[in-house]
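Below is one structure, written out as structure tokens; comments come after it.
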Amino acid sequence: MILRQLGVARREISLRERSRWLPFLMGVGAVSLILAAELSLVGFASSFENPSTGRLILVLDANDPQLQHRLGQVYNEIDPAESVRYLRRATELSRYSRLYWSDLASTCQSIGDTQCADQAT
Numbered sequence: 000m001i002l003r004q005l006g007v008a009r010r011e012i013s014l015r016e017r018s019r020w021l022p023f024l025m026g027v028g029a030v031s032l033i034l035a036a037e038l039s040l041v042g043f044a045s046s047f048e049n050p051s052t053g054r055l056i057l058v059l060d061a062n063d064p065q066l067q068h069r070l071g072q073v074y075n076e077i078d079p080a081e082s083v084r085y086l087r088r089a090t091e092l093s094r095y096s097r098l099y100w101s102d103l104a105s106t107c108q109s110i111g112d113t114q115c116a117d118q119a120t
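According to numbering that gives the first Met the number 0, the sequence shown holds residues 0 to 120 in order.
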């Protein structure tokens with residue numbers, strides 16, 4: 000209705016010819032593959048258990064706060080000081096996530112860095 004008011008005609012394109020449906024399906028397939036790859040990355044982000052896997056995934060997307068946060072969680076038991084580094088990066092990338100700030104404050108407190116813990120709360 001709005002398009003008609005703007006003078007934009009509705010146009011239908013037939014996909015009966017091979018020269019039209021093949022590029023259409025290839026485009027849909029390409030978008031599907033990209034979405035599947037992104038979903039796989041998100042799945043890995045929430046499930047990896049060792050730092051080497053996390054660092055490998057970070058190579059693919061270093062600016063993903065979810066990946067940074069998960070790597071901070073994994074390092075929390077192994078090396079809390081390194082954990083702070085990744086948790087701090089997660090809070091920089093996603094400033095409004097209460098979970099990231101809370102985890103950063105807890106980890107800072109566990110290593111005795113009260114200044115860091117105070118800034119995170």
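Beta carbons: idealized from backbone N, C-alpha and C, even for Gly.
All figures in this text were calculated on a predicted structure; none of them were measured in a lab.
Please list, in chain order, all residues of the same chain as Leu86 whose beta carbon is under 7 Å from its beta carbon, the five residues on each side excluded.
Excluding residues within five positions, the ones whose Cβ falls inside 7 Å are His68, Gly71, Tyr99, Asp102, Leu103 and Thr106.
Would you kindly check if the distance between the Cβ of Cys115 and the Cβ of Val83 is under 9 Å?
Yes, these two residues count as a Cβ contact at 9 Å.
Just to confirm the assignment, what range does the alpha helix (DSSP H) spanning Ala119 have?
Taken as a continuous stretch (DSSP letters only), the alpha helix (DSSP H) holding Ala119 covers Thr113 to Ala119.
Between which two residues does the alpha helix (DSSP H) containing Glu76 stretch?
Here the alpha helix (DSSP H) through Glu76 covers Pro64 to Ile77.
Answer with buried or exposed for Thr113, where buried requires no fewer than 16 other C-beta atoms within 10 angstroms of its C-beta.
Classification for Thr113: exposed.
Is it the case that the Cβ atoms of Leu92 and Asn62 are separated by a distance below 9 Å?
Cβ distance < 9 Å, so Leu92 and Asn62 count as in contact.
Using a Cβ-Cβ cutoff of less than 7 Å, which residues in the same chain neighbour Pro79 once the five nearest sequence positions on both sides are dropped?
Cβ within range, chain order: Thr106, Ser109 and Ile110.
Within this structure, are the beta carbons of Pro50 and Thr90 separated by less than 9 Å?
No, they are not a contact pair.
Closest to Arg88 by CA distance: which of Leu57, Asp117, Ile77 and Glu76 is it?
The candidate whose alpha carbon is nearest that of Arg88 is Leu57.
According to DSSP, is Phe23 helix, strand or coil?
Helix, per DSSP.
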